[in-house]
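Engineer: Residue numbers (our numbering), protein chains in the order written: chain B, 12 to 468; chain A, 136 to 302.
By construction, the Cβ of each residue, glycine as well, lies at the ideal position given by its N, Cα and C atoms.
This is the structure I have questions about; it appears just below.
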Amino acid sequence: MNATVPFLLMLGIQFVAGFATLGALRIDMQRSMAVPVSLLVGTFLHSLAFFGCELLHIPLSTQSMLLSAVLVAVIPHIWWKNVTTFYGRLLSKPTWTLTLYDVVTLGVIGYVTFIAVWASWYWPVTPFDAMAGIDLVAKQTVEEGTIVNRVFTDPSLVGHLSNQPFYAPFSMLLQVMYRLIGFAYGQVWVSIIAISLGWIVWTALRQLVHPFIADLLFVLYVLTPEMLGYTYIVQTDLINAAYYASAAIFLFQAIEKKQQPYVWLSMILLCGACWSRSESILLVGIGLIGSIAFIAKNWSWRFALTYIATAGLGCLVVFGLWHVLFFNAYLPVHPSPAEQIIGFDTQRFVHVVLSSCTAVVLDTALWAATFIVFGVVVVVNLFVKRSVSPVLLLMWIGTTFLGLWIVGTVFSAAIVEQTIRRGIFKVIPLIFVYVAGTELLQRASHRLTQWEAGRPS
Amino acid sequence: MSERLPIFSLRGLILAIVMVVVLTLLLSAKFGDLNSYATSYDARIGLYGEKLDSLNKIHSWRSRMFMRHVANIEIPTYIVNHMRPTDTVLLPPMSYGNRYMVTNAIWSDPRIFTWMVGFHPIVAWTDTTRRASANAFVVLTANQIWIARRGGATNIDSLLNEYGSGQ
Chain B
12 MNATVPFLLM
22 LGIQFVAGFA
32 TLGALRIDMQ
42 RSMAVPVSLL
52 VGTFLHSLAF
62 FGCELLHIPL
72 STQSMLLSAV
82 LVAVIPHIWW
92 KNVTTFYGRL
102 LSKPTWTLTL
112 YDVVTLGVIG
122 YVTFIAVWAS
132 WYWPVTPFDA
142 MAGIDLVAKQ
152 TVEEGTIVNR
162 VFTDPSLVGH
172 LSNQPFYAPF
182 SMLLQVMYRL
192 IGFAYGQVWV
202 SIIAISLGWI
212 VWTALRQLVH
222 PFIADLLFVL
232 YVLTPEMLGY
242 TYIVQTDLIN
252 AAYYASAAIF
262 LFQAIEKKQQ
272 PYVWLSMILL
282 CGACWSRSES
292 ILLVGIGLIG
302 SIAFIAKNWS
312 WRFALTYIAT
322 AGLGCLVVFG
332 LWHVLFFNAY
342 LPVHPSPAEQ
352 IIGFDTQRFV
362 HVVLSSCTAV
372 VLDTALWAAT
382 FIVFGVVVVV
392 NLFVKRSVSP
402 VLLLMWIGTT
412 FLGLWIVGTV
422 FSAAIVEQTI
432 RRGIFKVIPL
442 IFVYVAGTEL
452 LQRASHRLTQ
462 WEAGRPS
Chain A
136 MSERLPIFSL
146 RGLILAIVMV
156 VVLTLLLSAK
166 FGDLNSYATS
176 YDARIGLYGE
186 KLDSLNKIHS
196 WRSRMFMRHV
206 ANIEIPTYIV
216 NHMRPTDTVL
226 LPPMSYGNRY
236 MVTNAIWSDP
246 RIFTWMVGFH
256 PIVAWTDTTR
266 RASANAFVVL
276 TANQIWIARR
286 GGATNIDSLL
296 NEYGSGQ
C-alpha cells in the first residue's frame, strides 16, 4: 500500500488538531513556533484518542486511527471564536526574516534532516529494546487490531516479556499508526518528532539572541553526537525529550513573556512526556514543585498552586491510563514494578551520581562540546555578570538530573550507561536555550546586532 | 531578539562566510579524534549520504531487513523454513549463538525471534518448565546451521551440555 496519501492526511489532521488546540487555549504565538508545537500537541492528543478506541474495544485499524484524529481535530473547534482568531494570525501574510547566514545554516541542517528522514524510512527497527518491546507489540497490534494480543498470551513469550512491552505507550502507538498507514517499519515518526523539537529549539534560540549566535547554537544542538543517531532510531527517549524539553521551554517563555496560556500549553506537553516514558512522572513532579515559586512570583500563589495541581493531576491521569487502568483491567499480564524498586540507598545514589558524571556527562564522544559550553558559560556568566539567570531553565536542568539520579538509584532496571545516558536527551535542548538566555550571550548578541546594523555599540 | 536585520548586507555576508568556515571545520576537521562532531557526522549522516544511491537501488523491504540484522534474521528464517509441523524448537542460550556469530545472537531471545519471523512453536532456553517439551534443537557450526532431532546423527544430550556450558 502506498503510504503517502494516508500519511499526509494524518499529518494534516494532526496539524489541525494542534493548531485548534493552541487557538482554543488563546495562545498568542509566532507562526514559526506554532507549526512544530501544533504537530507535537496534535500527535499527542491523537495518540490519546487512538488509545481511547482500545479502551472502548474498538478495533485499531486505519479507519479508527483516522476517525480518532478527526475527533481530536474537531473538538477544540467548540471554542470557535478563539480558534478562528488563531487561524487569522496563522494565515496572515508571511514576512521573510531569514538572512544569508540563516540560509547557509539551514542548508546544512536541511541535508542532515533529509538523511534522518530517509534513514528512518529506509532501515528496519534496530534497537533490542524496540524489537523486544514497543515494536513487537505494535506489529502484533496491527495484525490483530488490539493491543491485548498474542504477545501477552502466547506460551512461547509468557514469563519472558521482561519490561520492554510494558513501556509507556506513546512510541508503541505511533509505531501502530505509522505501520497502519503503510510504512513497512513504522518509525518515520521518529524523524518527524526530531524535526519538531529542533524547530522549536531553533525558534526559541532566535527569540533570545542574534540569529547568527542562534544558528551556531542550533548547529551544535543538531550535531550533538548521541542525539543525532536517535533522530532516526526508534526509542522512547527522543520523543520524551521533545515533550519534556518543550514543556520547560514554554514554561520559561510563559514567565518571560507574561503569557498565562503558555503554562497550559506546557501542561499538555508535560502530559505528553509522561505518556512517552514512565519515569517522567517523577521528573515532572520534581520540576513542577521547583517551578511553583517562579509562577507565583509572576502571577500569584493561587494561580501557581492551581497550575501545579492541574498539571500534576493531568500527568497522573495520563500515567494512570496505561500503568494502572490498562495493566489491571485490560492486559492479562503485567510487570511487577515492586520487584524492580530496590529502595533508596545513599551509597548507591552517590555511586549513580559519580558514574553518570564520569561515564556519561564527561564523555565528549556522546555530547561533544555541549557540557563544556554549558560549564564555561555558567562559570563565566557567574563571575563576570554575577548572574545565573535564566534560573527557571537552570532549575529544570538541575531537577532533571536529580530525577534521573533518583531513578538510577531506586530502580534496578535503570542502568547509568543506558537509562541516564538517553535520559540526558531531555537536558540537551534546555542547555542550549539556557546558554542563549544568559546575560553573557545577551550582551554578545546586542553587540553583534549593533555591529551588523552598522551602529556604534 | 525582536530587531529585524537586513536580509542581505556586507556584514551579513561576512557572517555567512564565518558560518561556512565554522560548519566546514565542525563537519570535516577531525583533529585526530578530538572533534566528535565530525566523527559522529561521518558515521551517522555522511556514510548514508555517500551510499544513498547504491542503498536506494535495494527496493525490497526484506533485503533491507537482512542487510541490517544479518545472521539475527537469517537463522530464525532458516529455522522456520525447516521446521516440521510437529516440531517445538528449543532456542539455545545467547552465549551458544555468540560463539558462532560476529554480533550478539539476539535471535535466541524468544521476543526477538518472534519479532523477526512471527509466532512459531518455540521454547526459550531459560523456560525451565517448558524446556522438556522441545523436540527440535538448533545446531550451529562456524558456517552451517541445521535442526537436530532425537534419534538423528546429533547427540542431543551433548548439544544441551554445550548449550549450558559457558553461560
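Looking at the structure shown, is residue 275 of chain B part of a helix, part of a strand, or coil, going by DSSP?
Structural biologist: Here residue 275 of chain B refers to the residue found at position 264 of the first sequence. Note: residue 275 of chain B maps to helix in three-state DSSP.
Engineer: Using the beta-carbon count (16 or more within 10 Å), is residue 107 of chain B buried or exposed?
Structural biologist: For the purposes of this step, residue 107 of chain B is identified with residue 96 of the first sequence, where counting begins at 1. It counts as exposed.
Engineer: Which same chain residues, not among the five before or five after residue 391 of chain B, have their C-beta less than 7 angstroms away from its C-beta?
Structural biologist: In the first sequence, residue 391 of chain B corresponds to position 380, counting from 1. Hits under 7 angstroms: 451.
Engineer: If we cut at 8 angstroms on Cβ distances, does residue 262 of chain A have a partner in chain B?
Structural biologist: Looking up residue 262 of chain A in the second sequence gives position 127. Closer than 8 angstroms to some Cβ of chain B, the Cβ of residue 262 of chain A qualifies, so yes.
Engineer: Under 7 angstroms between beta-carbons, which chain A residues line up against residue 165 of chain B? List them in chain order, please.
Structural biologist: The count along the first sequence starts at 1 and reaches residue 165 of chain B at position 154. The answer, in chain order, is 254.
Engineer: Any idea if residue 308 of chain B is buried or exposed, counting beta-carbon neighbours within 10 angstroms, 16 or more meaning buried?
Structural biologist: Indexing the first sequence from 1 puts residue 308 of chain B at position 297. With fewer than 16 Cβ atoms within 10 Å of its Cβ, residue 308 of chain B is classed as exposed.
Engineer: So if DSSP puts residue 283 of chain A in a beta bridge, which residue, or which two residues, is it bridged to?
Structural biologist: Along the second sequence, one-based indexing puts residue 283 of chain A at 148. DSSP lists A:272 as partners of residue 283 of chain A.
Engineer: Taking the Cβ atom as the reference point for each residue, do residue 149 of chain B and residue 186 of chain B lie within a distance shorter than 8 angstroms?
Structural biologist: As a working note, residue 149 of chain B is residue 138 in the first sequence. As a working note, residue 186 of chain B is residue 175 in the first sequence. Against a cut-off of 8 angstroms, the Cβ pair of residue 186 of chain B and residue 149 of chain B comes out as a contact.
Engineer: What in chain B is Cβ-close to residue 190 of chain A, meaning under 7 angstroms?
Structural biologist: Taking the second sequence and counting its residues from 1, one reaches residue 190 of chain A at position 55. The answer, in chain order, is 133.
Engineer: Can residue 305 of chain B and residue 244 of chain B be called in contact, C-beta distance under 8 angstroms?
Structural biologist: As a working note, residue 305 of chain B is residue 294 in the first sequence. As a working note, residue 244 of chain B is residue 233 in the first sequence. Their beta carbons are not under 8 angstroms apart, which means residue 305 of chain B does not touch residue 244 of chain B by this criterion.
Engineer: DSSP three-state call for residue 193 of chain A: helix, strand or coil?
Structural biologist: Mapped onto the second sequence, residue 193 of chain A falls at position 58. Reduced to three states, the DSSP call for residue 193 of chain A is coil.
Engineer: Pop quiz: residue 47 of chain B and residue 211 of chain B are said to be a contact at Cβ under 8 angstroms. What is the actual Cβ separation, rounded to whole angstroms?
Structural biologist: Numbered from its first residue, the first sequence carries residue 47 of chain B at position 36. Numbered from its first residue, the first sequence carries residue 211 of chain B at position 200. That pair is a contact at about 5 angstroms.
Engineer: Kindly examine the ligand MG and report whether one of its heavy atoms sits closer than 7 angstroms to the Cβ of residue 45 of chain B.
Structural biologist: This structure lacks the ligand MG; in fact it carries no ligand of any kind.
Engineer: Terminal residues of the continuous alpha helix (DSSP H) containing residue 229 of chain A?
Structural biologist: Against the second sequence, residue 229 of chain A aligns to sequence position 94. Where residue 229 of chain A is concerned, the enclosing alpha helix (DSSP H) stretches over 229-233.
Engineer: Please tell me whether residue 370 of chain B and residue 194 of chain B are closer than 8 angstroms, where the distance is taken between their beta carbons.
Structural biologist: In the first sequence, the residue the question calls residue 370 of chain B occupies position 359. In the first sequence, the residue the question calls residue 194 of chain B occupies position 183. The answer is no: Cβ separation not under 8 angstroms.
Engineer: By a C-beta neighbour count over all protein chains shown, 10 Å radius and 16 as the cutoff for buried, is residue 3 of chain B buried or exposed?
Structural biologist: Any question about residue 3 of chain B goes unanswered here, given that chain B covers just 12 to 468.
Engineer: Can you find a CB in chain B that lies within less than 8 angstroms of the CB of residue 242 of chain A?
Structural biologist: As a position in the second sequence, residue 242 of chain A is number 107, starting the count at 1. No - not a single Cβ of chain B is within 8 angstroms of the one on residue 242 of chain A.
Engineer: If you measure between the beta carbons of residue 147 of chain A and residue 411 of chain B, is that distance less than 8 angstroms?
Structural biologist: Stepping through the second sequence from its first residue, residue 147 of chain A is reached at position 12. Stepping through the first sequence from its first residue, residue 411 of chain B is reached at position 400. The answer is no: Cβ separation not under 8 angstroms.
Engineer: Sort A:260, A:246, A:284 and A:252 by Cα distance to residue 164 of chain B and report the nearest one.
Structural biologist: Position 153 of the first sequence, counted from the start, is the residue given in the question as residue 164 of chain B. Here the closest residue by C-alpha is A:246.
Engineer: Candidates B:147, B:159, B:240 and B:223: which alpha carbon is nearest residue 190 of chain B's?
Structural biologist: Counting from one through the first sequence, the residue named residue 190 of chain B turns up at place 179. Ranking B:147, B:159, B:240 and B:223 by Cα distance to residue 190 of chain B puts B:147 first.
Engineer: Roughly how many angstroms separate the alpha carbons of residue 160 of chain B and residue 172 of chain B, rounded to a whole number?
Structural biologist: Stepping through the first sequence from its first residue, residue 160 of chain B is reached at position 149. Stepping through the first sequence from its first residue, residue 172 of chain B is reached at position 161. Cα-Cα distance, rounded: 13 angstroms.
Engineer: Any contact between the region 202-221 of chain B and the region 348-367 of chain B? By contact I mean 3 or more CB pairs, one from each, below 8 angstroms.
Structural biologist: No contact exists between the region 202-221 of chain B and the region 348-367 of chain B.
Engineer: List, from N- to C-terminal side, the alpha helix (DSSP H) runs of 4 residues or more that fit wholly inside the region 221-308 of chain B.
Structural biologist: DSSP runs (the alpha helix (DSSP H)) wholly in the region 221-308 of chain B: 222-233, 236-240, 248-268 and 271-287.
Engineer: For residue 157 of chain A, which residues does DSSP report across the bridge?
Structural biologist: Stepping through the second sequence from its first residue, residue 157 of chain A is reached at position 22. According to DSSP, which records beta bridges pairwise, residue 157 of chain A is partnered with nothing at all.
Engineer: Tell me the residue span of the alpha helix (DSSP H) that contains residue 297 of chain A.
Structural biologist: As a first step, residue 297 of chain A must be located in the second sequence, where it is residue number 162. Residue 297 of chain A -> alpha helix (DSSP H) spans 291-299.
Engineer: Does residue 426 of chain B pass the burial test, meaning 16 or more other C-beta atoms within 10 Å, or should it be called exposed?
Structural biologist: For the purposes of this step, residue 426 of chain B is taken as residue 415 along the first sequence, with counting starting at 1. The residue is exposed, with fewer than 16 neighbouring Cβ atoms inside 10 Å.
Engineer: In the region 154-203 of chain B, which residue ranges form an unbroken alpha helix (DSSP H) of at least 4 residues, counting only runs that do not cross its ends?
Structural biologist: Fully enclosed alpha helix (DSSP H) runs of 4 or longer: 181-191.
Engineer: Report the neighbours of residue 168 of chain B on chain A: residues whose CB is nearer than 7 angstroms to its CB, in chain order.
Structural biologist: Translated into the one-based positions of the first sequence, residue 168 of chain B becomes position 157. Result: 245, 246 and 249.
Engineer: Assess contact between the region 235-255 of chain A and the region 219-227 of chain A, defined as three or more Cβ pairs (one per stretch) separated by less than 8 angstroms. Is contact present?
Structural biologist: Short answer: they touch.
Engineer: Looking at the secondary structure, which residues open and close the alpha helix (DSSP H) in which residue 142 of chain B lies?
Structural biologist: As a position in the first sequence, residue 142 of chain B is number 131, starting the count at 1. That run of the alpha helix (DSSP H) goes 139-143.
Engineer: Looking only at its chain, what residues have a beta carbon closer than 7 angstroms to the beta carbon of residue 416 of chain B, apart from the 5 residues adjacent to it on each side?
Structural biologist: Counting from one through the first sequence, the residue named residue 416 of chain B turns up at place 405. The residues are 360, 363, 364 and 367.
Engineer: Restricting to runs no shorter than 3 residues, where is the beta strand (DSSP E) found entirely within the region 51-121 of chain B?
Structural biologist: Counting whole runs of 3 or more residues, the region 51-121 of chain B contains no beta strand (DSSP E) stretch at all.
Engineer: Could you give the DSSP three-state label for residue 257 of chain A: helix, strand or coil?
Structural biologist: For the purposes of this step, residue 257 of chain A is identified with residue 122 of the second sequence, where counting begins at 1. Three-state result, residue 257 of chain A: strand.
Engineer: To the nearest angstrom, how far is it from the Cα of residue 114 of chain B to the Cα of residue 301 of chain B?
Structural biologist: The residue you call residue 114 of chain B lines up with position 103 of the first sequence. The residue you call residue 301 of chain B lines up with position 290 of the first sequence. One C-alpha to the other measures close to 39 angstroms.
Engineer: Are the Cβ atoms of residue 211 of chain A and residue 298 of chain A separated by less than 8 angstroms?
Structural biologist: Sequence index remark: in the second sequence, residue 211 of chain A carries index 76 (1-based). Sequence index remark: in the second sequence, residue 298 of chain A carries index 163 (1-based). No, they are not a contact pair.
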